[in-house]
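Residues in the sequence shown are numbered consecutively from 1, following the numbering used here.
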Amino acid sequence: MERPPVPSALELQVKARPLPRHVGIIMDGNGRWAESRGLPRLDGHREGSVSVREVTRAARRLGIPAITLYAFSSQNWARPAEEVAGLMELLREYLESERSEILDNSIRLNAIGEVDKLPRYVREPLERLIADSSHNTGMVLSLALSYGGREEILRAARGLAEAAARGELDPAQLEETDLESRLWTQGLPPVDLVVRTSGEQRVSNFLLWQLAYAELCFTDALWPDFRTDEFLRCLSQYQGRERRFGLTSAQVQREDPPQRAKA
Ligand code: IPE
Ligand code: IPE
Ligand code: MG
1 MERPPVPSAL ELQVKARPLP RHVGIIMDGN GRWAESRGLP RLDGHREGSV
51 SVREVTRAAR RLGIPAITLY AFSSQNWARP AEEVAGLMEL LREYLESERS
101 EILDNSIRLN AIGEVDKLPR YVREPLERLI ADSSHNTGMV LSLALSYGGR
151 EEILRAARGL AEAAARGELD PAQLEETDLE SRLWTQGLPP VDLVVRTSGE
201 QRVSNFLLWQ LAYAELCFTD ALWPDFRTDE FLRCLSQYQG RERRFGLTSA
251 QVQREDPPQR AKA
């Protein structure tokens, strides 16, 4: 095991304040990073996996309970076949190269999305590492693969409709928790912060239900340039925000909200 780096002043400052329970990251800008250097887009994706490692390590060191990385969307299947194949191969390499890092650091790997659409050479090592890390309690690392928020909500709605048709539930009694329990993120902590890199300010079908009250951090850094310090800056921004959940600032500061909305 490598010796952990000496924490920067910013890291110590961030660690001393309340951290998000769950951070979602839209890792965008790999293609532009490569194209601006005259390199094939895949080189950007490869460099992006270094950021994945750094950000995962930083999150684990800080004690963030869960992170979810948007690695491949349902819509990304429509990219040129060569890029899709390259991304799948990188994913396979990632699962191999990060296996010991994940197991040695008590990280539990999880996947959200239509995982059965992935090629077998990705699905098998993915499922193996998910199973082998299933007892780890240090942090949950979820990879959003073939993931779409609308697809996720539609699937949950279909499940509820089917249960209603079988007479197992009464539509009039449905609660938010009934739908939530059918989302792929079921069991994970509420998403407190979503980060998007590369200057784009949109959510691109990521965690649509879950980000209802999440704080958003948009940064111009392209994903391969998004390393520990960039991540710490987003966390520090988050720590400076006041989350009101529909209440007034005075109510939040008194900390006696009548019914504090659950995040
Ligand atoms: C994000 O980088 C990775 C995936 C979507 C798989 P992009 O490939 O979208 O990079 P840009 O947005 O074209 O620069
Ligand atoms: C979102 O990035 C998906 C991932 C980061 C995996 P995209 O590059 O696919 O999003 P758009 O097309 O710019 O909205
Ligand atoms: Mg993009």
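Using N, Cα and C, we set each Cβ at its ideal position, and we do this for glycine too.
Relative to ligand 2, the nearest heavy atom lies less than 8 angstroms away from the CB of Met27. In summary, Arg46 is buried, with 16 or more beta-carbon neighbours lying within 10 Å of its beta-carbon over all protein chains present.
In the DSSP assignment, His22 falls within the unbroken beta strand (DSSP E) covering 22–26. Around the C-beta of Gly113, 16 or more other C-beta atoms lie within 10 Å, and the residue is accordingly described as buried. Here Arg17 carries a coil assignment [DSSP, helix/strand/coil]. A straight line joining the alpha-carbon of Lys117 with that of Ala16 spans about 41 angstroms.
At least one heavy atom of ligand 2 falls within 8 angstroms of the beta-carbon of Ser73. Cβ neighbours of Glu127 within its own chain (closer than 6 angstroms, five residues either side excluded): none. Inclusion of Leu143 and Leu42 in the CB contact set at 9 angstroms is not warranted, their separation being larger than that value. Non-local C-beta neighbours of Arg182 in its own chain, meaning closer than 8 angstroms and more than five positions away in sequence, comprise Arg155, Ala156, Gly159, Leu160, ordered along the chain. For the pair Leu235 and Leu62, the CB atoms are nearer than the 9 angstroms cut-off. Contact between Ile153 and Leu90 is ruled out by a C-beta separation of about 28 angstroms, above the 8 angstroms threshold. For Tyr70, the pairing in a beta bridge is given by DSSP as Ile26, Ala144. Take Arg123, set aside five residues on each side of it, and the residues of its chain with a beta-carbon closer than 8 angstroms to its own are Val115, Asp116, in chain order.
DSSP places Arg244 outside both helix and strand once states are collapsed to three, so it counts as coil. If you compare the alpha carbons of Ile26, Arg241, Leu145, Arg79 with that of Leu109, the shortest gap goes to Leu145. Contact annotation: Phe231 and Ala58 have beta-carbon atoms nearer than 9 angstroms.
Cys217 is bridged by DSSP to Val195.
Asn105 sits in coil when the DSSP states are folded into three classes, being neither helix nor strand. Judged by their CB atoms, Leu222 and Arg32 are nearer to each other than the 9 angstroms cut-off. Shown here for Thr137: same chain residues with a beta carbon closer than 8 angstroms to its own, the five before and five after excluded, namely Ser106, Arg108 in chain order. For Ala81, the CB stays at least 8 angstroms from every heavy atom of ligand 2.
Counting along the chain, Ala59 sits inside the alpha helix (DSSP H) bounded by residues 41–62. Taking 9 angstroms as the cut-off, the Cβ atoms of Val194 and Cys217 count as close.
Its chain contains Ser249, Val252 as the residues whose beta carbon lies nearer than 7 angstroms to that of Glu242, once the 5 sequence neighbours on both sides are disregarded; these appear in chain order. A distance below 6 angstroms between beta-carbons, with the five flanking residues on each side excluded, links Val55 to the following residues of its chain, in chain order: Phe231. Under the three-state reduction of DSSP output, Asn76 falls in the helix class.
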